[in-house]
Amino acid sequence: MLSSSLSQLEKESPAYICPYDQACSYLEEAAKELKLDQSILEVLSHPRKVVTVSIPVKRDNSQVQVLAGHRVQHCDILGPYKGGTRYHPAVTLREVSALAMLMTWKCALLGIPYGGAKGGIAIDPKFYSVGELERITRRYTSELIKDIGPAVDIPAPDMGTSAREMAWMMDTYSVNVGHAVPGVVTGKPISIGGSRGREMATGRGVMFIIREALADKGQSLAGARIAIQGFGNVGSAAALLLHEAGAKVIAVSTGSGGIFCEDGLDIPALKAYVAENRKGVVGFEHTTPISNADLLTLPCDVLIPAALENQITEDNVNQIQAKIVAEAANGPVTLVANQVLESKGVTVLPDILANAGGVVVSYLEWVQGLSYVFWDEERVNKELENLMVQAYRQVMQQSKIRQIPLRLAAYTLGVGRVAQALSDRGLYP
Ligand code: GLU
Numbered sequence: 057m058l059s060s061s062l063s064q065l066e067k068e069s070p071a072y073i074c075p076y077d078q079a080c081s082y083l084e085e086a087a088k089e090l091k092l093d094q095s096i097l098e099v100l101s102h103p104r105k106v107v108t109v110s111i112p113v114k115r116d117n118s119q120v121q122v123l124a125g126h127r128v129q130h131c132d133i134l135g136p137y138k139g140g141t142r143y144h145p146a147v148t149l150r151e152v153s154a155l156a157m158l159m160t161w162k163c164a165l166l167g168i169p170y171g172g173a174k175g176g177i178a179i180d181p182k183f184y185s186v187g188e189l190e191r192i193t194r195r196y197t198s199e200l201i202k203d204i205g206p207a208v209d210i211p212a213p214d215m216g217t218s219a220r221e222m223a224w225m226m227d228t229y230s231v232n233v234g235h236a237v238p239g240v241v242t243g244k245p246i247s248i249g250g251s252r253g254r255e256m257a258t259g260r261g262v263m264f265i266i267r268e269a270l271a272d273k274g275q276s277l278a279g280a281r282i283a284i285q286g287f288g289n290v291g292s293a294a295a296l297l298l299h300e301a302g303a304k305v306i307a308v309s310t311g312s313g314g315i316f317c318e319d320g321l322d323i324p325a326l327k328a329y330v331a332e333n334r335k336g337v338v339g340f341e342h343t344t345p346i347s348n349a350d351l352l353t354l355p356c357d358v359l360i361p362a363a364l365e366n367q368i369t370e371d372n373v374n375q376i377q378a379k380i381v382a383e384a385a386n387g388p389v390t391l392v393a394n395q396v397l398e399s400k401g402v403t404v405l406p407d408i409l410a411n412a413g414g415v416v417v418s419y420l421e422w423v424q425g426l427s428y429v430f431w432d433e434e435r436v437n438k439e440l441e442n443l444m445v446q447a448y449r450q451v452m453q454q455s456k457i458r459q460i461p462l463r464l465a466a467y468t469l470g471v472g473r474v475a476q477a478l479s480d481r482g483l484y485p
């Protein structure tokens, strides 16, 4: 099923790393470590439901374009499916399937009662007007109307989407079922039941995990030198919070290039600059330009890849000089590169732990919505901190007890909890 969606181009590219195969190898490694029953591994290797819908959209010039929209529901053993909706040109069914599986382990690792899902449409939102994006989002939602819902599958923002798209999804779903259903999505605007703190949550979670990892090395955030690839929702929030905690963010980048400043960037001023010029970070005062490739190899305490997958590979891993790599993006370090970094004593904080802050506050948003009681931001941030720090400690402990790298430790915890639930629930019929 998935192989049929792999385009000829993808198959022929020598550098192509199939994200679904990569996700399955992580699962297999964890299953081996846990000595899982083969039949459990077999069940967990397959998504439970894969949906692809056609989205006919009338462009502003009146032409109709038909897009493919995906939603993959990997596993709902622990609760409703949960995961973001991605608008990015590189979206494929294989990538969405891999990310849906990652969401299953991420939720289980953080101890939140969800299964994993992911959705996506292969578009570059830059080339669509707001009206077109609204029509695409509404049609995508209505095509999925029977597959989503507050007890079934709860989408959220991901790369290329935000609270705006969630509001359109919530409205489309609600109009179709005949009453307001805020719980059908998370990451929505506060005016319709969104949670305080959700927008910064992934970046805040990254900051908590880095703070803990530095503390374990006897270092604090104050004065730590940090390079960040990516200045979108996650990268920019992490940059701001790290800056506020006294760290020196020495370099950041976007797809159009990066900037470097030995003494640390003025992140609030940089955020204002980016909001105004809308063309990325290059040109910001008192900085030197730096390429995305060179940013990754800067000498620093912490490197945060917060953009795309497969950024640290066999080709550049030997040039990495950071002591800690925190995976704010999904899968930025390849399997082989991860092994090389581990062997050199670099701490790699795995994605399913480091970038879990978003889904944690999604869960807090869902809980607030279900109980009709809304919290202040301080409470949300504190609950987030507790869950992130708890998961970090569990991963560290698991790594120590089993003598395994952090990624494998995180996977054994996530996969182990789902496998336990699967065996307790049993197989129907
Ligand atoms: N897109 C985010 C993630 O991949 C958040 C998902 C959610 O909040 O459901 O973790």
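By our numbering, the letter at position 228 of the sequence shown is numbered 284, and the numbering carries on one by one without gaps. Every residue gets a Cβ at the ideal spot worked out from N, C-alpha and C, and that includes glycine. Since the structure is predicted, the reported quantities are computational estimates derived from the model, not experimental observations.
- Message: Residues in the same chain with beta-carbon distance under 6 Å from proline 355, minus the five sequence neighbours each way, listed in chain order, please.
- Response: Walking along the sequence shown from the start, residue 355 turns up at place 299. Closer than 6 Å at Cβ, skipping near neighbours: Gln377.
- Task: Report the residue from Ser312, Gly286 and Pro181 whose alpha carbon sits nearest the alpha carbon of alanine 385.
- Result: Sequence index remark: in the sequence shown, residue 385 carries index 329 (1-based). Selected option, being the one with the closest Cα: Gly286.
- Query: Does the beta-carbon of serine 251 have 16 or more other beta-carbons within 10 angstroms, so that it is buried, or is it exposed?
  - Reply: One-based indexing of the sequence shown puts residue 251 at position 195. Serine 251 is buried by the Cβ-count criterion.
- Go ahead and pull the three-state DSSP assignment for arginine 267. Position 211 of the sequence shown, counted from the start, is the residue given in the question as residue 267. In this structure, arginine 267 counts as helix in the three-state DSSP scheme.
- Would histidine 130 be called buried (16 or more neighbouring beta carbons within 10 Å of its own) or exposed? Within the sequence shown, the letter at position 74 stands for residue 130. So histidine 130 counts as buried.
- serine 251 beta carbon near the ligand GLU (any heavy atom closer than 6 Å): As a first step, residue 251 is located in the sequence shown; it is residue number 195 there, counting from the start. False, no ligand heavy atom lies under 6 Å from that Cβ.
- Name the two residues that bound the continuous alpha helix (DSSP H) containing proline 324. Position 268 of the sequence shown, counting from 1, holds the residue named residue 324. Counting along the chain, the alpha helix (DSSP H) containing proline 324 begins and ends at 323-333.
- Examine the ligand GLU and report whether any of its heavy atoms sits within less than 6 Å of the Cβ of glycine 488. The structure shown does not extend to residue 488, since the chain is modelled only from 57 through 485, so no value can be given for it.
- Element boundaries [beta strand (DSSP E), containing lysine 114]: Numbered from 1 along the sequence shown, position 58 holds the residue referred to as residue 114. Residues 105-114.
- Message: Looking at glycine 243: is its Cβ nearer than 7 Å to the Cβ of arginine 260?
- Response: In the sequence shown, residue 243 corresponds to position 187, counting from 1. In the sequence shown, residue 260 corresponds to position 204, counting from 1. For glycine 243 and arginine 260, no; Cβs fall outside 7 Å.
- Same chain, Cβ closer than 7 Å to alanine 207, neighbours up to 5 away in sequence not counted: Here residue 207 corresponds to residue number 151 of the sequence shown, with the count starting at 1. Cβ within range, chain order: Pro136.
- To the nearest whole angstrom, what separates the beta carbons of proline 406 and glutamate 383, a pair I think is in contact under 8 Å? To locate residue 406, count along the sequence shown from 1; it is residue 350. To locate residue 383, count along the sequence shown from 1; it is residue 327. With a Cβ gap of about 6 Å, proline 406 and glutamate 383 count as contacting.
- Would you mind working out which of Thr217, Val415 and Leu462 sits nearest alanine 178, comparing C-alpha positions? Position 122 of the sequence shown, counted from the first residue, corresponds to residue 178. Taking only the C-alpha atoms, the option nearest alanine 178 is Thr217.
- N- and C-terminal bounds of the beta strand (DSSP E) containing arginine 252: Stepping through the sequence shown from its first residue, residue 252 is reached at position 196. No beta strand (DSSP E) holds arginine 252; DSSP gives it neither H nor E.
- Task: With a threshold of 16 other CB atoms inside 10 Å of the CB of valine 429, please say whether the residue is buried or exposed.
- Result: Against the sequence shown, residue 429 aligns to sequence position 373. Exposed: under 16 other Cβ atoms inside 10 Å.
- Query: Quick one: does the C-beta of alanine 212 sit closer than 6 Å to a heavy atom of the ligand GLU?
  - Reply: Translated into positions along the sequence shown, residue 212 becomes position 156. It does: the Cβ of alanine 212 is within 6 Å (strictly closer) of some heavy atom of the ligand GLU.
- Message: Please list the terminal residues of the continuous alpha helix (DSSP H) segment that includes glutamine 450.
- Response: Within the sequence shown, numbered from 1, the residue matching residue 450 stands at position 394. Start and end: 433-458.
- Looking at C-beta atoms only, is the number of pairs between the stretch 232-247 and the stretch 267-283 that lie closer than 8 Å three or more? no
- Task: Kindly confirm or deny that the stretch 154-171 and the stretch 187-200 touch, where touching means at least three C-beta pairs closer than 8 Å.
- Result: no
- Item | Own chain partners of serine 455 with C-beta closer than 6 Å, once the 5 adjacent residues on each side are dropped | Locating residue 455 in the sequence shown gives position 399, counting from the first residue. For serine 455, where only same-chain residues beyond five positions count, the Cβ hits under 6 Å are Leu462 and Ala465.
- Is it true that the CB of methionine 263 sits closer than 7 Å to the CB of leucine 297? Working through the sequence shown from its first residue, we reach residue 297 at position 241. Working through the sequence shown from its first residue, we reach residue 263 at position 207. A contact, by the Cβ cut-off of 7 Å.
- Item | CB-CB length for glycine 176 against glycine 425, believed under 8 Å | Residue 176 sits at position 120 when you count from the first residue of the sequence shown. Residue 425 sits at position 369 when you count from the first residue of the sequence shown. No, glycine 176 and glycine 425 are not in contact; Cβ-Cβ is about 24 Å, not under 8 Å.
- Query: Taking the DSSP output, what are the residues bridged to serine 418?
  - Reply: Locating residue 418 in the sequence shown gives position 362, counting from the first residue. Answer by DSSP bridge pairing: none, since serine 418 is not bridged.
- Whole angstroms is fine: what's the gap from leucine 165's alpha carbon to leucine 155's? Here residue 165 corresponds to residue number 109 of the sequence shown, with the count starting at 1. Here residue 155 corresponds to residue number 99 of the sequence shown, with the count starting at 1. About 15 Å.
- Message: The alpha helix (DSSP H) that contains tyrosine 170, what's its start and end?
- Response: As a working mapping, residue 170 is identified with position 114 in the sequence shown. Unbroken run through tyrosine 170: none, as it is neither H nor E.
- Query: Since serine 95 is in the alpha helix (DSSP H), which residue starts that stretch and which ends it?
  - Reply: Translated into positions along the sequence shown, residue 95 becomes position 39. Per DSSP, serine 95 belongs to the alpha helix (DSSP H) from 94-100.
- Item | Cβ pair arginine 150, proline 75 closer than 7 Å | Translated into the one-based positions of the sequence shown, residue 150 becomes position 94. Translated into the one-based positions of the sequence shown, residue 75 becomes position 19. For arginine 150 and proline 75, yes; Cβs fall inside 7 Å.
- Task: Output yes or no for whether 7 Å exceeds the beta carbon distance between phenylalanine 316 and threonine 353.
- Result: Within the sequence shown, the letter at position 260 stands for residue 316. Within the sequence shown, the letter at position 297 stands for residue 353. Result no, Cβ atoms of phenylalanine 316 and threonine 353 do not sit closer than 7 Å.
- Message: Applying the 10 Å Cβ sphere with the 16-neighbour rule, what's the burial state of serine 309?
- Response: Taking the sequence shown and counting its residues from 1, the one referred to as residue 309 is at position 253. When all chains shown are included, serine 309 counts as buried.
- Task: Might you give, ordered along the chain, the residues of its own chain that have their beta carbon closer than 7 Å to the beta carbon of glutamine 121, omitting 5 neighbours on each side?
- Result: Here residue 121 is taken as the residue at index 65 of the sequence shown, counted from 1. Once the five neighbours on either side are set aside, the close Cβ partners of glutamine 121 are Val113 and Arg115.
- Task: Compute the beta-carbon to beta-carbon distance between glycine 311 and isoleucine 360, rounded to the nearest angstrom, for a pair I have assumed lies under 8 Å.
- Result: Here residue 311 refers to the residue found at position 255 when the sequence shown is read from its first residue. Here residue 360 refers to the residue found at position 304 when the sequence shown is read from its first residue. Incorrect: roughly 16 Å between the Cβ atoms, too far for contact.
- Item | Inter-residue spacing [alpha-carbon to alpha-carbon] between glutamine 459 and leucine 397 | As a position in the sequence shown, residue 459 is number 403, starting the count at 1. As a position in the sequence shown, residue 397 is number 341, starting the count at 1. So the alpha carbons of these two residues sit roughly 16 Å apart.
- Identity of the residue in Thr258, Arg267, Glu199 and Val389 nearest leucine 364 by Cα: Counting from 1 along the sequence shown, the entry for residue 364 is found at position 308. The option with the nearest alpha carbon to leucine 364 is Val389.
- Just mark threonine 160 as buried or exposed, buried being the case when its beta carbon has 16 or more other beta carbons within 10 Å. For the purposes of this step, residue 160 is taken as the residue at position 104 of the sequence shown. When all chains shown are included, threonine 160 counts as buried.
- Roughly how many angstroms lie between the CA atoms of leucine 478 and isoleucine 133, to the nearest whole one? In the sequence shown, the residue the question calls residue 478 occupies position 422. In the sequence shown, the residue the question calls residue 133 occupies position 77. In a straight line, the C-alpha of leucine 478 is about 6 Å away from that of isoleucine 133.
- Query: For the candidate residues Lys162, Val128 and Lys138, whose alpha-carbon lies nearest to that of valine 147?
  - Reply: Reading the sequence shown from its first residue, position 91 is the one you call residue 147. Closest option to valine 147, Cα to Cα, is Val128.
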